[in-house]
Amino acid sequence: MRTRTVELSWSGERVPAIADELRRSPKTVRRWLHGFNSSGLDGLKDLGGQGRRRRIRSRMLRSHRPDQTAATGSADGAGGR
Numbered sequence: 475m476r477t478r479t480v481e482l483s484w485s486g487e488r489v490p491a492i493a494d495e496l497r498r499s500p501k502t503v504r505r506w507l508h509g510f511n512s513s514g515l516d517g518l519k520d521l522g523g524q525g526r527r528r529r530i531r532s533r534m535l536r537s538h539r540p541d542q543t544a545a546t547g548s549a550d551g552a553g554g555r
């Protein structure tokens, strides 16, 4: 899709028309074209680290185990009975 953006631009299409055809925002089309103009095909690649970071990492979730001692009063979960 990003290379198609460049092709359409080279054929004389304007940003709003490209955005409509590809169902992307004009801002996105401009960003892709700017990336291509400054870095060639490498400029069309995704940039890593985009988006919101997870608040709790899956590794942390796997390592977290509820403390049964606090809930039952004993480490084996028998509750002292």
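Going by my numbering, the first residue of the sequence shown is number 475, and it counts up by one from there.
Backbone N, C-alpha and C fix where the C-beta goes; we use that ideal spot for every residue, glycine too.
Contact under 8 Å by Cβ, residue i with residue j
i           : j           : result
residue 477 : residue 518 : yes
Run of the alpha helix (DSSP H) containing residue i, from where it starts to where it stops
i           : result
residue 514 : No alpha helix (DSSP H) contains residue 514, which DSSP labels as neither H nor E.
residue 483 : 476–484
residue 530 : Segment: none, residue 530 is in no alpha helix (DSSP H) and carries neither H nor E.
8 Å contact criterion, which residue i and residue j should meet: CB distance rounded
i           : j           : result
residue 492 : residue 499 : Contact flag wrong, Cβ pair sits at about 11 Å.
residue 489 : residue 504 : 6 Å
Rounded straight-line distance, which links the Cα of residue j to that of residue i
i           : j           : result
residue 497 : residue 487 : 14 Å
Environment of residue i [buried if 16+ CB atoms lie within 10 Å]
i           : result
residue 509 : buried
heavy atom of the ligand MG below 7 Å from residue i C-beta
i           : result
residue 500 : Here there are no bound small molecules, and the ligand MG is not part of this structure.
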